[in-house]
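Written below as structure tokens is the structure these notes are about.
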Amino acid sequence: MDLSNLVNTPGARERRKRVGRGCGSGMGKTSTRGHKGQNARKGHKQKLGFEGGQMPLVRRLPKRGFNNYQFRVETLGVNVSTLEKRFEAGAEITVASLAAAGLVDNKRPRVKILATGELTKKFTVKVPCSAAAKAKIEAAGGTVA
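When the sequence shown is numbered by the working numbering, its final residue is 1137 and no position is left out of the sequence of numbers.
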């Protein structure tokens, strides 16, 4: 390879389109905007979903269903295996202790202990649990309040 056979990749050196620079450029007069009409005017930008004044599709379709997004209450799940890793045997598990361990943030204090994983340590749990998690905690010798 030498300087005599170097070639640019296709499209690497294309010039930008300069509109409105005389008839000889091929993009003079109407500057690629066509003749008259809404799209030919300066400063024209359509809103998203605008259909030329026709009732937009989004507004033609009926509203359906139920949306609880604004009022929902999120519950954060903490697995039994996570408790096994993060806490010492005999620890009392509350929302505050979970927050101190970095498992829950205080902005969303709704927590539920879930049964994924194995448990060998004894805990005193003062947080809502699933039925399977309660069975695992009690099988390991702990208590659920």
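The beta-carbon is built from N, C-alpha and C at its ideal position, and this holds for glycine as well.
Grouping DSSP H, G and I as helix and E and B as strand, with all else coil, what is Leu1106? Along the sequence shown, read from residue 1 onward, the residue named residue 1106 stands at position 114. Three-state DSSP puts Leu1106 in a strand.
For Leu1049 and Asn1031, the rounded distance between their alpha carbons: For the purposes of this step, residue 1031 is taken as the residue at position 39 of the sequence shown. For the purposes of this step, residue 1049 is taken as the residue at position 57 of the sequence shown. Those two C-alpha atoms are separated by around 21 Å.
To the nearest angstrom, report how far apart Ala1123 and Thr1116 are at their CA atoms. Counting from one through the sequence shown, the residue named residue 1123 turns up at place 131. Counting from one through the sequence shown, the residue named residue 1116 turns up at place 124. Computed Cα separation, rounded: 16 Å.
Which same chain residues, not among the five before or five after Leu1014, have their C-beta less than 6 Å away from its C-beta? As a position in the sequence shown, residue 1014 is number 22, starting the count at 1. In the sequence on display, residue 1014 carries Gly and not Leu. These residues qualify, in order along the chain: Gly1020.
Which of the three DSSP states, helix, strand or coil, is assigned to Thr1074? The residue you call residue 1074 lines up with position 82 of the sequence shown. The answer is helix: DSSP assigns Thr1074 an H, G or I state.
DSSP beta-bridge partners for Val1147? Only positions 993 to 1137 of the chain appear in the structure, and residue 1147 is not among them; the question remains open.
In the DSSP assignment, find the alpha helix (DSSP H) that holds Val1050 and state where it starts and stops. The count along the sequence shown starts at 1 and reaches residue 1050 at position 58. 1049-1052 is the span of the alpha helix (DSSP H), which, as asked, contains Val1050.
Inter-residue spacing [alpha-carbon to alpha-carbon] between Glu1130 and Val1136: Indexing the sequence shown from 1 puts residue 1130 at position 138. Indexing the sequence shown from 1 puts residue 1136 at position 144. Taking the straight line from one Cα to the other gives about 7 Å.
Thinking C-beta only, is Val1070 closer than 8 Å to Leu1095? On the sequence shown, position 103 is the one that residue 1095 refers to. On the sequence shown, position 78 is the one that residue 1070 refers to. A contact, by the Cβ cut-off of 8 Å.
Extent of the continuous alpha helix (DSSP H) to which Lys1099 belongs: In the sequence shown, the residue the question calls residue 1099 occupies position 107. Element bounds for Lys1099: n/a, residue is neither H nor E.
Compute the distance between the beta-carbons of Thr1067 and Val1119, then report whether it is under 8 Å. Working through the sequence shown from its first residue, we reach residue 1067 at position 75. Working through the sequence shown from its first residue, we reach residue 1119 at position 127. No.
Compare the C-alpha of Ile1105 against each of Asn1060, Val1087, Asp1097 and name the closest. The sequence position of residue 1105 within the sequence shown is 113, counting from 1. If we check each option's Cα against that of Ile1105, Val1087 comes out closest.
CB Lys1114 to CB Ala1132, shorter than 8 Å? Mapped onto the sequence shown, residue 1114 falls at position 122. Mapped onto the sequence shown, residue 1132 falls at position 140. Against a cut-off of 8 Å, the Cβ pair of Ala1132 and Lys1114 comes out as a contact.
Quick check on the DSSP output: the alpha helix (DSSP H) that includes Leu1111 runs from which residue to which? By one-based count along the sequence shown, residue 1111 stands at place 119. Counting along the chain, Leu1111 falls outside any alpha helix (DSSP H), and DSSP gives it neither H nor E.
Cutting at 8 Å between CB atoms, please list the residues of its own chain near Glu1080, excluding the five before and the five after it. Numbered from 1 along the sequence shown, position 88 holds the residue referred to as residue 1080. For Glu1080, where only same-chain residues beyond five positions count, the Cβ hits under 8 Å are Lys1113.
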